[in-house]
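In my numbering, the protein residues as written are 16 to 391.
Just so you know, even glycine gets a beta-carbon here, dropped at the ideal spot from N, CA and C.
Scroll down for the structure; my scribbles are underneath it.
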Amino acid sequence: MIRAADVIVIGGGLHGCSAALQLALRGRRVILLERRHIGRHASGINAGGVRTLGRDLAEIPLSLLGMPLWQNIQELVGDDCGFAACGQVKVAESDQEMATLEKRAGRLAQLGYTHEKLIGTDELRRLVPALSRHCVGAMLVASDGAADPYRTTHAFGARARAAGVQIEEGEAVIGLERQADHWIVTGDRGRYRAPLVVNAAGAWAGRLAAIAGDDFPLRTRASMMIVTERLPQFVTPVVGAVGRPLSFKQSASGTVLIGGGQQGRADLDKEQSWVNVVNLARSAQTATDLFPQMRGVRIARSWCGIEAETPDRLPILDFSPSVPGLIHVFGFSGHGFQLGPICGVAVADLATRGATDLPIRPFAATRFAEPALAAA
Numbered sequence: 016m017i018r019a020a021d022v023i024v025i026g027g028g029l030h031g032c033s034a035a036l037q038l039a040l041r042g043r044r045v046i047l048l049e050r051r052h053i054g055r056h057a058s059g060i061n062a063g064g065v066r067t068l069g070r071d072l073a074e075i076p077l078s079l080l081g082m083p084l085w086q087n088i089q090e091l092v093g094d095d096c097g098f099a100a101c102g103q104v105k106v107a108e109s110d111q112e113m114a115t116l117e118k119r120a121g122r123l124a125q126l127g128y129t130h131e132k133l134i135g136t137d138e139l140r141r142l143v144p145a146l147s148r149h150c151v152g153a154m155l156v157a158s159d160g161a162a163d164p165y166r167t168t169h170a171f172g173a174r175a176r177a178a179g180v181q182i183e184e185g186e187a188v189i190g191l192e193r194q195a196d197h198w199i200v201t202g203d204r205g206r207y208r209a210p211l212v213v214n215a216a217g218a219w220a221g222r223l224a225a226i227a228g229d230d231f232p233l234r235t236r237a238s239m240m241i242v243t244e245r246l247p248q249f250v251t252p253v254v255g256a257v258g259r260p261l262s263f264k265q266s267a268s269g270t271v272l273i274g275g276g277q278q279g280r281a282d283l284d285k286e287q288s289w290v291n292v293v294n295l296a297r298s299a300q301t302a303t304d305l306f307p308q309m310r311g312v313r314i315a316r317s318w319c320g321i322e323a324e325t326p327d328r329l330p331i332l333d334f335s336p337s338v339p340g341l342i343h344v345f346g347f348s349g350h351g352f353q354l355g356p357i358c359g360v361a362v363a364d365l366a367t368r369g370a371t372d373l374p375i376r377p378f379a380a381t382r383f384a385e386p387a388l389a390a391a
């Protein structure tokens with residue numbers, strides 16, 4: 016028996032669950048297929064940054080439009096998702112790095128953006144008194160913050176299910192075929208039919224796209240995380256750095272989460288990832304350089320997720336250029352968590368109206384046909 020729906024969403028990460036929820040709220044019958052379980056990979060185990068700070072200029076409009084959804088996340092999914100607007104700062108460790116921030120501030124001002132605020136040493140010391148004395152200033156977005164990624168992804172999944180989405184966990188997609196005006200999706204356990212498919216398969220989305228005839232030049236990311244033993248509270252905002260990868264935050268329980276993009280190793284076929292100890296040591300070194308009191312602190316555990324990365328590190332959020340009835344939403348390249356709720360709205364717009372007023376043009380699937388990007 017083939018089960019029918021209006022839309023089939025493939026992938027149970029935050030973007031898949033967000034799209035499924037928004038579609039269901041618009042009255043669409045939705046089936047979501049997830050190979051393992053909701054939040055299994057990058058969506059459930061990332062740094063949890065809810066960040067407009069430091070984004071690529073192409074992402075800023077969509078990111079800013081997404082913040083009200085986070086500020087009202089309880090209303091949307093019935094859970095506050097651990098979201099706290101604790102602020103985010105990006106620290107300059109030298110005059111040269113401060114000049115880099117000043118240049119960005121000037122560029123943002125030219126474009127009419129006022130959300131990022133340049134701060135000097137005194138203000139930085141007030142905000143982050145534990146920070147090393149060699150730091151000279153920072154960029155701040157006080158309304159940014161962080162959330163619990165696992166809790167958030169599951170909250171979106173639970174709310175989607177409550178809205179009528181049929182979520183099939185443990186259902187790997189092994190076939191995707193366009194027939195007349197609909198798709199036939201074949202899973203390990205069943206077959207499904209719908210006129211629209213949403214490809215939100217994360218690190219495996221490129222393989223799914225290729226079945227449909229879309230060939231994207233993707234790499235695989237395996238961003239690593241460290242969590243420490245519990246410590247007395249000493250830092251409130253999320254701290255990043257201009258010159259080296261860092262996402263540093265302390266939880267309410269006292270543990271410190273250290274990320275920022277240092278890479279491990281991933282195997283898509285095995286669905287596994289492994290920590291690179293040398294790169295992990297670099298993360299630890301950055302943390303102790305900026306926060307001397309971290310020296311000697313014990314690491315409780317470390318891990319890495321698996322995600323797709325595009326050549327320009329911007330996502331793909333668009334209809335397939337090759338075949339009708341297929342929407343791609345993937346390739347967030349390590350910074351898609353904050354965008355999850357608003358991208359669900361964009362996908363629902365595309366699926367129900369064929370277009371969206373949201374600023375997604377920079378994320379067009381056709382941009383990789385340009386030789387410079389395809390070769391990057």
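Whether residue i touches residue j by CB criterion (8 Å)
i, j, result
"S262", "G274", "yes"
"L91", "P356", "yes"
"V362", "I331", "no"
"L36", "V180", "yes"
"S348", "R368", "no"
"G255", "Q111", "no"
"G152", "A107", "yes"
"A34", "V24", "yes"
"V257", "T115", "yes"
"P260", "F383", "no"
"C32", "G121", "no"
"P252", "L142", "yes"
"A237", "A281", "yes"
"F334", "L354", "no"
"V22", "R43", "yes"
"V344", "H52", "no"
"L223", "V188", "yes"
"W219", "L283", "yes"
Contact set for residue i: own chain, Cβ-Cβ below 7 Å, skip 5 residues either direction
i, result
"A145", "F249, V250, F306 and Q308"
"D196", "P210"
"D304", "S147"
"D137", "none"
"L84", "L91, P356 and I357"
"P374", "P76 and L77"
"Q89", "D95"
"I314", "I241 and T243"
"H149", "E108"
Exposure of residue i, with buried meaning 16 or more beta-carbon neighbours within 10 Å
i, result
"E322", "buried"
"S337", "exposed"
"N87", "exposed"
"P326", "buried"
"A389", "For A389, the predicted structure reports a pLDDT of 44, less than 50, and the residue's modelled location is therefore unreliable. A value from the coordinates is still provided. It is exposed - the Cβ of A389 has fewer than 16 other Cβ atoms within 10 Å."
"T243", "buried"
"K285", "exposed"
"T381", "exposed"
"K105", "buried"
"A267", "exposed"
"R310", "exposed"
"D230", "exposed"
"T129", "exposed"
"G190", "exposed"
"A391", "With a pLDDT of only 44 at A391, under 50, the local geometry of the prediction cannot be trusted, and the value read off the model is given with reservation. Burial call: exposed."
"R174", "buried"
Other residues of its chain near residue i: CB distance less than 6 Å, five sequence neighbours each side excluded
i, result
"R70", "S78"
"A387", "Unreliable placement is indicated for A387, whose pLDDT of 45 sits below 50; no coordinate value is reported for it."
"R208", "I17, A19, H197 and I199"
"L424", "Lying outside 16 to 391, the shown extent of the chain, residue 424 is not represented and no answer is given."
"E192", "I199"
"R176", "I182"
"D170", "The sequence shown places Ala at residue 170, not Asp. Closer than 6 Å at Cβ, skipping near neighbours: V92, D94 and C96."
"V271", "T243 and Q265"
"L155", "V104, K132 and I134"
"G276", "S238, P260 and G349"
"A370", "none"
"K118", "none"
Cβ separation of residue i and residue j, assumed to be a contact under 8 Å, to the nearest whole Å
i, j, result
"A57", "G28", "7 Å"
"I60", "M240", "7 Å"
"R166", "C101", "Not a contact, Cβ separation roughly 16 Å."
"D203", "E186", "6 Å"
"F8", "G64", "It is not possible to answer for residue 8, since the shown part of the chain is limited to 16 through 391."
"R234", "E131", "In fact, because the Cβ distance is near 28 Å, the residues do not count as touching under 8 Å."
Residue i CB to nearest heavy atom of the ligand FAD below 7 Å
i, result
"D159", "Only the bare structure without any ligand can be found here, which leaves the ligand FAD out of the picture."
Spatial neighbours of residue i in its chain, beta-carbon cut-off 8 Å, leaving aside the 5 residues before and after
i, result
"A178", "L36, A39 and L40"
"Q318", "In the sequence under discussion, the amino acid at residue 318 is Trp, which differs from the Gln named in the question. Closer than 8 Å at Cβ, skipping near neighbours: I60, M239, M240, S288 and V290."
"G228", "S335, S337 and V338"
"S298", "M239, I241, P260, L261, I273, G274, G275 and Q277"
With a threshold of 8 Å, are at least 3 pairs of Cβ atoms found where one atom belongs to the stretch 214 to 223 and the other to the stretch 44 to 60?
Counting C-beta pairs with one atom in each stretch, the stretch 214 to 223 and the stretch 44 to 60 have three or more that are closer than 8 Å, which means they touch.
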